[in-house]
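Asker: So that we are looking at the same thing, I have put the structure below in structure tokens.
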Amino acid sequence: MTALRIQHLKKDHGRGLVIDDLNLTVDSGEFVCLVGPSGCGKTTLLQLIAGLDRHYLGDIEISQRDPKALRIGYASQEPRLLPWRTVRDNLSLALPAGMDPARINALIDTVGLDAVADEFPETLSVGMSRRVSLVRAFAIDPDLLLMDEPLVSLDAPTARRLRSWLLGLWQKRPHTVLFVTHDLREAIEIADRILFLSAAPLKVLADIRVTIERQNRNPEAIEAFSAHLRTCHPNLDALL
Amino acid sequence: MIRAPGTSRPRIHHALTALGSILLLTFLWQLIALEEASPLLPTPIRVLEVLWQELVSGRLPHHLGMTLARLMVSFLISMILGTGIGIILGRTPRLDQFFSTWLVIALNIPALVTIILCYVWFGLDEFAALLAVVINKLPHVIVTIREGARHLRQDLLDIAQVYRFGPFKTLQHVVWPQLFPYIMTAGRTGLALIWKIILVVELLGRSDGMGYQLNLFFQLFDVAGILAYSLAFIVIVQLIEWAILIPLDLKAQRWRR
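Residue numbers (my numbering), protein chains in the order written: chain A, 1 to 240; chain B, 1001 to 1257.
What follows is the structure, encoded as structure tokens:
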């Protein structure tokens, strides 16, 4: 089943085209990474998909399970938590009407946030705030999960811990994910499919399925896959 | 960290310092008054006597009560209207551009002019009195709240939109906490301003309230009466600050590190 279909998407910032005739489809439950040079319009693309900016040409279709409301989870580099609400309240507030609030308490326990649930976000470490922001995105049981470099500029061990925690979360309940990153190794480790994007105006340069089984994605396999990409797709050299 | 009220040493120190400075002021006043020995500068003790008499006779509670009632009504009206208009102007630049000249004019009309005009146009009644106060205060509230509304964090508004908070939840959980400091500022300066304007309004066109009473004392050259009423006034303002404003501040700011 198709979860997201984008057809002939065009976006003009007024300073020229940011996105030029973009087409892509994502299947339900698929984990897709977007890899592209910085400033290529990935964040703009996510904002269009999230519905934060309605000024574009073309179609963005997202299939929704709840006919009343589309549910999109959004997590970015900035955790964007309400500083005047506790962690628990930040999570509960994101829940759509009609979803059982008790869900949050159960979730807090399973993802290991119980120690900070009643703290205000300003007292949390950077890694912990991002974790909360990711949990918020998962908590609403989204039709589509948008993640905009949620692991960037963390120290390596924190990023690694958070990445495997995130994958664990996703594997328990595979949502459809669009994950922006500029780290190819990260993409190979977590994605089902990687879309390589051009510099602005944004276009898809290559659409590559990661063929390594998930349990076999160790550093050597990732390195080998990346080397294989280099030889098969010389046009991606700048991105690799 | 904000310290919980009453539990920390610095608060006690503060209170002691304030008490000491008030005692010193009263002592100096007493000395000068004794030296002058004139009815135009009564001693603090004489002022307290008058205050007591006025309290017992019921005159002070009556006039103070009238002024407080007018204060409450005009304060609430201007805060509610001003907050609403301020948010709208702060969030819609085109409206803001259009009405900003109106605001500048409203801010610059002397309070006395609006009071006189209200009495001339609407008669010497309660409505005109309250309207005059509201017109004086409203532009200040609008300007302060507009400033807050202009600086709402877009990243958090985006989150509210992505997670479909809807207008009511967004106002309560995203907008209100950000506007709160501005509303407190508008409230504090508003109270100080309204107190002063109300007295003039009462002096010019009412037959009760603190302003009326002060005018009476002025005509009788009763300085002790004037000072006694002022004292009652100052105490009330401080009570509002301690009992309402400071606790509100502490409650709203507890999320800050």
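Built from N, CA and C at the ideal position, the CB exists for glycine as well.
Cβ of A/K203 within 9 Å of Cβ of A/D21?
Answerer: Against a cut-off of 9 Å, the Cβ pair of A/D21 and A/K203 comes out as a contact.
Asker: Distance, Cα to Cα, A/I72 vs B/Y1163?
Answerer: 7 Å
Asker: Nearest to B/V1133 by alpha carbon, out of B/T1189, B/P1039, B/A1111?
Answerer: B/A1111
Asker: Would you kindly check if the distance between the Cβ of B/K1137 and the Cβ of B/I1194 is under 9 Å?
Answerer: Cβ atoms of B/I1194 and B/K1137: closer than 9 Å.
Asker: Does any residue of chain A bring its CB to less than 9 Å from the CB of B/R1164?
Answerer: So yes, B/R1164 belongs to the interface.
Asker: What does the alpha-carbon distance come out to for the pair A/R163 and A/R193?
Answerer: 17 Å
Asker: Taking A/R185 as the reference, give the member of A/G29, A/L24, A/C33 with the closest Cα.
Answerer: A/C33
Asker: Three or more C-beta pairs closer than 8 Å, one from the segment 1143-1157 of chain B and one from the segment 1084-1104 of chain B: is that the case here?
Answerer: yes
Asker: Can you tell me which of the three DSSP states A/L145 falls into?
Answerer: strand
Asker: Would you list the one or two residues that DSSP bridges to A/R209?
Answerer: A/R193
Asker: Reducing DSSP to helix, strand and coil, say where A/G73 ends up.
Answerer: strand
Asker: Give me the residue from A/P201, A/K42, A/L24, A/L154 with the minimum Cα distance to A/M128.
Answerer: A/L154
Asker: Which of the residues in the segment 62-90 of chain A, read from start to end, lie with their CB under 7 Å from any CB of chain B?
Answerer: Taking a C-beta cut-off of 7 Å against chain B, the contacting residues of the segment 62-90 of chain A are A69, I72, Y74, E78, R80, L82, P83, W84, R85, listed in chain order.
Asker: Please decide whether A/A50 counts as near chain B, where near means a Cβ-Cβ distance under 9 Å.
Answerer: yes
Asker: Counting only runs of 4+ residues fully inside the segment 1008-1091 of chain B, write out the alpha helix (DSSP H) ranges in chain order.
Answerer: When DSSP assignments are scanned along the segment 1008-1091 of chain B, the uninterrupted stretches of alpha helix (DSSP H) that are 4 or more residues long and fall wholly within it turn out to be 1009-1036, 1044-1057, 1059-1091.
Asker: Here's the rule: buried if 16 or more other CB atoms are within 10 angstroms of the residue's CB, otherwise exposed. What is B/K1196?
Answerer: exposed
Asker: Is it buried or exposed, B/G1190, if we count other Cβ atoms within 10 angstroms and call 16 or more buried?
Answerer: buried
Asker: Are the Cβ atoms of A/S76 and A/L4 separated by less than 9 Å?
Answerer: no
Asker: For A/N218, which three-state DSSP category applies?
Answerer: coil
Asker: From the beta carbon of B/R1091, is the nearest beta carbon of chain A less than 9 Å away?
Answerer: no
Asker: Mind the definition here: the segment 1205-1224 of chain B touches the segment 1067-1081 of chain B only if three or more C-beta pairs lie below 8 Å; say whether that holds.
Answerer: yes
Asker: For a test of the three-state rule: what should DSSP assign to B/G1209, helix, strand or coil?
Answerer: coil
Asker: If you follow the alpha helix (DSSP H) that A/Q64 is in, where does it begin and where does it stop?
Answerer: Taken as a continuous stretch (DSSP letters only), A/Q64 belongs to no alpha helix (DSSP H), as it is neither H nor E.
Asker: Output needed for A/I108: all residues of its chain with C-beta closer than 6 Å, excluding positions within five of it in sequence on either side, in chain order.
Answerer: D114, A117
Asker: Report yes if the C-beta of A/L82 is less than 8 Å from at least one heavy atom of the ligand GTP; otherwise report no.
Answerer: Within the structure as shown, the ligand GTP is missing, as the structure has no ligands at all.
Asker: Going along the chain, which residues of its own chain have a beta-carbon closer than 8 Å to the beta-carbon of A/N235, five neighbours each way excluded?
Answerer: L205, A206
Asker: Excluding five sequence neighbours on each side, which residues of the same chain lie with their C-beta closer than 6 Å to the C-beta of B/T1170?
Answerer: A1160
Asker: Leaving aside the five residues before and after B/R1188 along the sequence, list all residues of the same chain whose C-beta is less than 7 Å from its C-beta, in chain order.
Answerer: L1245
Asker: Where does B/C1118 sit, in a helix, a strand or coil, going by DSSP?
Answerer: B/C1118 falls in the helix class under three-state DSSP.
Asker: Tell me A/L202's beta-bridge partners as DSSP assigns them.
Answerer: A/I19
Asker: Select from the segment 1164-1197 of chain B all residues with a C-beta closer than 8 Å to any C-beta belonging to chain A, and list them in chain order.
Answerer: For the segment 1164-1197 of chain B, which is checked against every Cβ of chain A, the residues closer than 8 Å are R1164, F1165, K1169, H1173, V1174, P1177.
Asker: Could you tell me whether any Cβ in chain B is nearer than 9 Å to the Cβ of A/F120?
Answerer: yes
Asker: Give me the chain A residues within the contact set of B/R1256, using Cβ-Cβ distance strictly less than 9 Å, ordered along the chain.
Answerer: The contacting residues are P83, W84, F120, E122.
Asker: Between the Cα of B/I1236 and the Cα atoms of B/F1027, B/L1060, B/L1204, which residue gives the shortest distance?
Answerer: B/L1060
Asker: With DSSP as the reference, please indicate the residues paired to A/L4 in a beta bridge.
Answerer: A/V26, A/I62
Asker: So, at 7 Å on beta carbons, what are the nonlocal neighbours of B/L1124 in its own chain, with the 5 sequence-adjacent residues on each side left out?
Answerer: G1205
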